[in-house]
Amino acid sequence: MKRVLIVDDDRATSAGMADVVEEWGYEPELTDTVKSGWAAVTRLVPDVAIVDLKLPDGSGLDLLHRIKETYPDVSVVILTGHATVDSAVKALKVGAEDYVTKPVDLPRLQVILKTVEDKQAM
Amino acid sequence: VDSSTKEKGLDRWLESFARTSFLRSSDIAHDLKTPLNVAVLNLELLRMRVRRLTGDSEDEKLNEYCRSLELELRRMAKIFDTFFVLSTPPKGESAPEPVDVARIFAEAAGEAVLDSTVDGTALVRAHEARIRQAFSLLLEGASKLLVAEGRTVRGSSSDQCFTVTVSGKPADEDFEPTKIFKFYYTDADGNPDVSLAATRLIAETYGGELNATQESDKVSILLSLPLDQSK
Numbered sequence: 267m268k269r270v271l272i273v274d275d276d277r278a279t280s281a282g283m284a285d286v287v288e289e290w291g292y293e294p295e296l297t298d299t300v301k302s303g304w305a306a307v308t309r310l311v312p313d314v315a316i317v318d319l320k321l322p323d324g325s326g327l328d329l330l331h332r333i334k335e336t337y338p339d340v341s342v343v344i345l346t347g348h349a350t351v352d353s354a355v356k357a358l359k360v361g362a363e364d365y366v367t368k369p370v371d372l373p374r375l376q377v378i379l380k381t382v383e384d385k386q387a388m
Numbered sequence: 039v040d041s042s043t044k045e046k047g048l049d050r051w052l053e054s055f056a057r058t059s060f061l062r063s064s065d066i067a068h069d070l071k072t073p074l075n076v077a078v079l080n081l082e083l084l085r086m087r088v089r090r091l092t093g094d095s096e097d098e099k100l101n102e103y104c105r106s107l108e109l110e111l112r113r114m115a116k117i118f119d120t121f122f123v124l125s126t127p128p129k130g131e132s133a134p135e136p137v138d139v140a141r142i143f144a145e146a147a148g149e150a151v152l153d154s155t156v157d158g159t160a161l162v163r164a165h166e167a168r169i170r171q172a173f174s175l176l177l178e179g180a181s182k183l184l185v186a187e188g189r190t191v192r193g194s195s196s197d198q199c200f201t202v203t204v205s206g207k208p209a210d211e212d213f214e215p216t217k218i219f220k221f222y223y224t225d226a227d228g229n230p231d232v233s234l235a236a237t238r239l240i241a242e243t244y245g246g247e248l249n250a251t252q253e254s255d256k257v258s259i260l261l262s263l264p265l266d267q268s269k
C-alpha cells in the first residue's frame, strides 16, 4: 500500500482528505506545518506528499524544495486555494508532480495519484 | 452634523473598507474556499459510505443530489474568486492607466478562436489584466449562449465608450436575458456559469456596463467601457 503524506493546517481538510485517499487504498499520514511535514518526510519517506501551499510556518513551496533536494523520488502534489495559478506553475517548475485547486476535484486527484503510482512502479 | 460632513465620513470609511478588502482579498478568497473544500470532501465520503452500506449499489437519485450539491459548492468558489480577486486590482499594480482595450479585445477574440472585427484604438483607464479577463469571460459566456452559426463579435468606439457586441441566435429556446448576469445562472445542460456575472462586476469596477437586448430571435450582449477623457 502506498503511503500518502497530507500536509495541511486545516484539520477538517486533512482529515477529509485522509479518509478519501484511504478509501482509494492508500495509507495516509497527516501533518500541519512545514516543520512537521519535513519531519514526517524524513521518518516515513512517503510515496506521495500532498502539500498545501499556505502553511502556518511558511510556504508549501519551501517544503517542496527540501523534499525534491533530498528525496527526488517522493512525488509532491500541491494543493492551493488561490484563484491564480502563478504559484502552482512555480511549483511545477521546482518539480511538483501536479497541483490541485480547492475545492479539490477528487476524480482528478485520484488520476494524479494513480499516475504517480504507475510511474513509481516502472 | 450636516449631511455633507456625514457623506465625507462615509467616503473616508468606504475608502478604508475598500483598502482593507483589497489588501486581504486574495487571502479571503483562499480562506473562504477552505470550508467549501471540506464540504466537497465530506460529500464524497458520504457518497462512498452510502454505497458501502447499500452493498455497492448505485442510487440514481442520491447521485443526482450529490452532483447538484457539489456543483453549487463549486459555484460558490467561483463567486468568491470573482468578488475577492477579479473585482479588485491585480496585486502589485498601481492606479489604473490608459490601456488600448481595442487591442486587448482583438487578442482575447483571437485566443478564443472567434472571428471578430474591431476599429482603431480605444483608451480606457483600467488594469490590463482585469480587462483581458473581462473580455475572455464575456466571449466564453456569450459563445455558450449564442449558436456559432451567424454569430457576430464586434468591437467599436464612439466618442464616449468602447463597446463589444456579441450577437446571434440563442442556443436555449427559453433564453431569458435577465438571468444570464446572475451568479445563480445555470446553463441548459445544468452547469453553473458565472462568466457573465463576473464580466459585469469587472466592467462596473472600471465604470462600464454589461447588458443584453433581445429582438425576436436575435440576442445582443453588449459590454461598454468609458473612454479615458483626460487627454
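Read top to bottom, the protein sequences are chains A and B. Whatever position you read off the first sequence (first residue = 1), add 266 for the working numbering. Whatever position you read off the second sequence (first residue = 1), add 38 for the working numbering. No residue lacks a Cβ here, since even glycine has one placed at the ideal position from N, Cα and C.
- Of A:P373, A:P369 and A:A387, the smallest CA-CA separation from L74 (chain B) is found for A:P369.
- When only Cα atoms are considered, L175 (chain B) and F143 (chain B) end up about 11 Å apart.
- Less than 8 Å divides the Cβ of V307 (chain A) from the Cβ of V340 (chain A).
- Under the 8 Å Cβ criterion, the segment 130 to 145 of chain B does not count as touching the segment 98 to 115 of chain B, having fewer than three qualifying pairs.
- Note that the segment 114 to 132 of chain B does not touch the segment 83 to 102 of chain B; fewer than 3 beta-carbon pairs, one per stretch, sit closer than 8 Å.
- Taking a Cβ-Cβ threshold of 8 Å, none of the residues of chain A is close to R238 (chain B); the smallest such distance is about 18 Å.
- In the displayed model, L296 (chain A) falls within a strand according to three-state DSSP.
- One thing to note: F200 (chain B) has its Cβ within 8 Å of the Cβ of L263 (chain B).
- Note that the C-beta distance between A147 (chain B) and V191 (chain B) is below 8 Å.
- By the rule that beta-carbons nearer than 8 Å mark a contact, L183 (chain B) does not touch chain A.
- Beta-bridge partners of C199 (chain B) (DSSP): B:P264.
- One alpha carbon belongs to L327 (chain A), the other to S353 (chain A), and they sit about 8 Å apart.
- Setting aside the 5 residues that flank it on each side, K217 (chain B) is surrounded in the same chain by Y223, each with a C-beta closer than 7 Å to its C-beta; the list follows chain order.
- Across the structure, D276 (chain A) and D285 (chain A) are spaced so that their CA atoms are roughly 14 Å apart.
- By a beta-carbon distance limit of 8 Å, V162 (chain B) contacts Y244 (chain B). Their separation comes to about 7 Å.
- With contacts defined by Cβ atoms closer than 8 Å, P128 (chain B) and F60 (chain B) do not form a contacting pair.
- Apart from sequence neighbours up to five positions away, the residues of its chain that approach L84 (chain B) with a beta-carbon distance below 8 Å are C104, ordered along the chain.
- It is roughly 25 Å from the alpha-carbon of E363 (chain A) to the alpha-carbon of A67 (chain B).
- Secondary structure in the segment 327 to 386 of chain A: the alpha helix (DSSP H) runs of 4 residues or longer, each lying completely within the stretch, are 352 to 360 in chain order.
- Residue-level contact by beta carbon fails for L271 (chain A) and chain B, as no gap is shorter than 8 Å.
- Looking at the DSSP output, G193 (chain B) bridges to B:V156 and B:V202.
- Within the model, the alpha-carbon separation for L261 (chain B) versus S194 (chain B) is close to 11 Å.
- B:G188 is the residue among B:L248, B:G188 and B:D197 whose C-alpha sits nearest the C-alpha of S205 (chain B).
- For the segment 54 to 69 of chain B, the residues whose beta carbon sits under 9 Å from a beta carbon of chain A are, in order, S64, D65, A67, H68 and D69.
- For A77 (chain B), the enclosing alpha helix (DSSP H) has its first and last residue at S41 to L91.
- V287 (chain A): member of the alpha helix (DSSP H) spanning R277 to E289, first to last residue.
- For N101 (chain B), the enclosing alpha helix (DSSP H) begins and ends at E98 to D119.
- Only buried fits M283 (chain A), as 16 or more other CB atoms lie within 10 angstroms of its CB.
- When C-alpha distances from D313 (chain A) are compared across A:V366, A:Y365, A:K359 and A:E295, the shortest belongs to A:E295.
- In the structure shown, S325 (chain A) falls within a strand segment according to DSSP collapsed to helix, strand and coil.
- Neighbourhood of V340 (chain A) in chain B, by CB distance below 8 Å: empty, with the nearest CB roughly 23 Å away.
- Listed along the chain, the chain B residues whose CB falls inside 8 Å of the CB of P294 (chain A) amount to none; the nearest CB is some 12 Å away.
- The alpha-carbon of L183 (chain B) is positioned some 19 Å away from that of K116 (chain B).
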